[in-house]
Structures are given as structure tokens and as C-alpha cells.
Amino acid sequence: MLIGELSRRTGVSARLLRYYEAQGLLDARRDPNGYRSYDEDSVVTVRQIRALLGAGLSTEVIREVLPCVRGERPEFEWCAELWDILNGELAAMDARIDDLQRSRGALAGFLSRP
Numbered sequence: 001m002l003i004g005e006l007s008r009r010t011g012v013s014a015r016l017l018r019y020y021e022a023q024g025l026l027d028a029r030r031d032p033n034g035y036r037s038y039d040e041d042s043v044v045t046v047r048q049i050r051a052l053l054g055a056g057l058s059t060e061v062i063r064e065v066l067p068c069v070r071g072e073r074p075e076f077e078w079c080a081e082l083w084d085i086l087n088g089e090l091a092a093m094d095a096r097i098d099d100l101q102r103s104r105g106a107l108a109g110f111l112s113r114p
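First residue of the sequence shown: 1, per the UniProt record's numbering; consecutive thereafter.
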């Protein structure tokens with residue numbers, strides 16, 4: 001299918017699909033006319049990417065874990081090192097949340113002083 005069809009079926013812009021390809025997340029063949037051509041599996045792959053982005057993972061981490069993802073939901077096939085990668089991401093996310101809570105407390109303190 002062409003990029004416009006993949007965009008329509010996934011709700012993701014063609015520009016973003018090209019970005020996913022540039023990041024190594026999505027494969028496309030080139031037709032003789034130079035147009036990108038995607039397999040039917042690309043619809044599921046784009047939905048997996050969107051779900052993983054929604055979980056706060058970067059495209060770099062998604063590139064590492066995508067081979068272990070199955071289904072649109074997605075679910076993981078526990079490949080080597082996947083557990084460590086996701087635990088590391090969770091710990092980093094927790095640290096960012098702690099930093100934001102400290103910043104929020106400082107800002108709230110400024111606002112409580114008239």
C-alpha cells in the first residue's frame with residue numbers, strides 16, 4: 001500500500017510515517033517510480049509504535065523493543081534484555097516525575113507568598 005493509504009488506515013500523517021521510517025521503526029520498499037510501498041503488517045507496526053510512544057518510550061527505545069512486540073495491543077514476547085530496558089525506562093520516568101513534583105512544590109511555594 002502507498003503512504004497515503006497507510007496514513008488513512010492508521011490516522012498517522014504521512015510526514016510522521018516518513019519520520020518513523022527514518023528512525024528505523026517502519027520498513028518501506030521503493031517502487032520503480034520511487035513511491036514508498038508498505039506491507040499489510042505496517043498497519044499493526046504503526047499502531048504498536050503509537051502505543052509505545054503513548055507509554056512514554058522514545059523512538060530510540062522503541063527501535064530496541066519493537067522486535068519483541070506482538071499484536072496491536074501491544075504485548076511483549078520477553079526477548080533477551082527487554083525486561084532490563086523497560087525497567088530502566090520506568091526508573092527514568094519515576095525520576096522525572098520526582099523532579100517535576102519538586103519543581104511543582106517550589107512553584108506552589110512562590111504562589112503562596114503574596
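C-beta: ideal position from N, C-alpha, C; glycine also. It should be emphasised that the depicted structure is a prediction, and the values quoted were computed from it without experimental measurement.
C-alpha distance - residue 81 paired with residue 9, whole-angstrom precision: Translated into positions along the sequence shown, residue 81 becomes position 81. Translated into positions along the sequence shown, residue 9 becomes position 9. Distance between the alpha carbons of residue 81 and residue 9: 32 Å.
Separation of residue 78 from residue 98, as counted between CA atoms: Mapped onto the sequence shown, residue 98 falls at position 98. Mapped onto the sequence shown, residue 78 falls at position 78. Here the C-alpha atom of residue 98 lies approximately 29 Å from the C-alpha atom of residue 78.
Residue 55 versus 37, 5, 75, residue with shortest Cα-Cα distance: Residue mapping note: residue 55 aligns to position 55 of the sequence shown, counting from 1. Here the closest residue by C-alpha is 75.
Straight-line gap, residue 70 to residue 3 (C-alpha atoms, nearest Å): Mapped onto the sequence shown, residue 70 falls at position 70. Mapped onto the sequence shown, residue 3 falls at position 3. Taking the straight line joining both Cα atoms gives about 23 Å.
Alpha helix (DSSP H) segment containing residue 20, residue limits: Position 20 of the sequence shown, counting from 1, holds the residue named residue 20. That run of the alpha helix (DSSP H) goes 14-22.
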